[in-house]
Amino acid sequence: MSTPHKHRDYTMNTLMKYCKKKPWFTTPLILSFVLQGIMHDWGDEDCVKILKNCRKAIPEKNGKVIIADVVLKPEGDGMFDEIGLALDLVMMAHCSGGKERGELEWKKILEEGGFPRYNIIKTPSLLSIIEAYPL
Numbered sequence: 001m002s003t004p005h006k007h008r009d010y011t012m013n014t015l016m017k018y019c020k021k022k023p024w025f026t027t028p029l030i031l032s033f034v035l036q037g038i039m040h041d042w043g044d045e046d047c048v049k050i051l052k053n054c055r056k057a058i059p060e061k062n063g064k065v066i067i068a069d070v071v072l073k074p075e076g077d078g079m080f081d082e083i084g085l086a087l088d089l090v091m092m093a094h095c096s097g098g099k100e101r102g103e104l105e106w107k108k109i110l111e112e113g114g115f116p117r118y119n120i121i122k123t124p125s126l127l128s129i130i131e132a133y134p135l
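Quick note on numbering: the sequence shown equals residues 1 to 135 in UniProt numbering.
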């Protein structure tokens, strides 16, 4: 009977400590981050911190952050507005500062996080795709 493998802590800090001991290791080049359903769990201040950390890790010229999340419509005539409103209430009740955002709110946190250029791609679902680019 074989013994179970011991669980190892492969957090980023543990991996970085291991890799820094290797003379051949360099920090990998990350071209993009994909954040799906992440940002609505957090308040604006925390979202800006997340974006600033992503910004530090990607190249200036061709890096980007791809966000798949709800973009509420200001006029309230979208097909999924009622679901978006319900999710917003859930975020307020269960997440510290979490909420659904409209385009102006996204613009504010993207700019503060170091991504002044962005493109919102509407999909035939509740989620939109936000492509955010650094300076």
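Every residue, glycine too, gets a C-beta built ideally from N, C-alpha and C.
Next item on the list: Taking only the alpha-carbon atoms, compute the straight-line gap between Met103 and Asp44 and give it to the nearest angstrom.
Entry: Within the sequence shown, residue 103 is the residue found at index 103, counting from 1. Within the sequence shown, residue 44 is the residue found at index 44, counting from 1. Residue identity differs from the one stated: residue 103 is Glu in this sequence, not Met. Straight-line Cα distance between these residues: approximately 13 Å.
Item checked: Selection from Ile38, Glu112, Leu31 that minimises the alpha carbon distance to Ser96 -> Here residue 96 refers to the residue found at position 96 when the sequence shown is read from its first residue. Residue Ile38 is the option with its Cα nearest to Ser96.
Next item on the list: Compute the beta-carbon to beta-carbon distance between Glu100 and Asn119, rounded to the nearest angstrom, for a pair I have assumed lies under 8 Å.
Entry: The residue given as residue 100 occupies position 100 in the sequence shown. The residue given as residue 119 occupies position 119 in the sequence shown. In fact, because the Cβ distance is near 19 Å, the residues do not count as touching under 8 Å.
Checklist line | Cβ neighbour criterion (16 or more within 10 Å) applied to Leu135 | finding: For this step, residue 135 is matched to residue 135 along the sequence shown. Its Cβ having fewer than 16 others within 10 Å, Leu135 is exposed.
Next item on the list: Give every residue of the same chain whose Cβ lies closer than 7 Å to the Cβ of Lys122, excluding the five residues on either side of it in the sequence, and list them in chain order.
Entry: Here residue 122 corresponds to residue number 122 of the sequence shown, with the count starting at 1. Closer than 7 Å at the Cβ level, and outside the excluded window around Lys122, lie Ser128.
Checklist line | Residue range of the alpha helix (DSSP H) that includes Asn53 | finding: If you number the sequence shown from 1, residue 53 lands on position 53. 44–57 is the extent of the alpha helix (DSSP H) around Asn53.
Notebook entry, point to check: If Val70 sits next to Leu126, beta carbons under 8 Å apart, how far is it from one beta carbon to the other, in whole angstroms?
Noted result: By 1-based counting over the sequence shown, the position of residue 70 is 70. By 1-based counting over the sequence shown, the position of residue 126 is 126. Indeed they touch by this definition, with Cβ atoms about 6 Å apart.
Checklist line | First through last residue of the alpha helix (DSSP H) which encompasses Lys107 | finding: Residue numbering aside, residue 107 sits at position 107 when the sequence shown is read from its first letter. 103–112 is the span of the alpha helix (DSSP H), which, as asked, contains Lys107.
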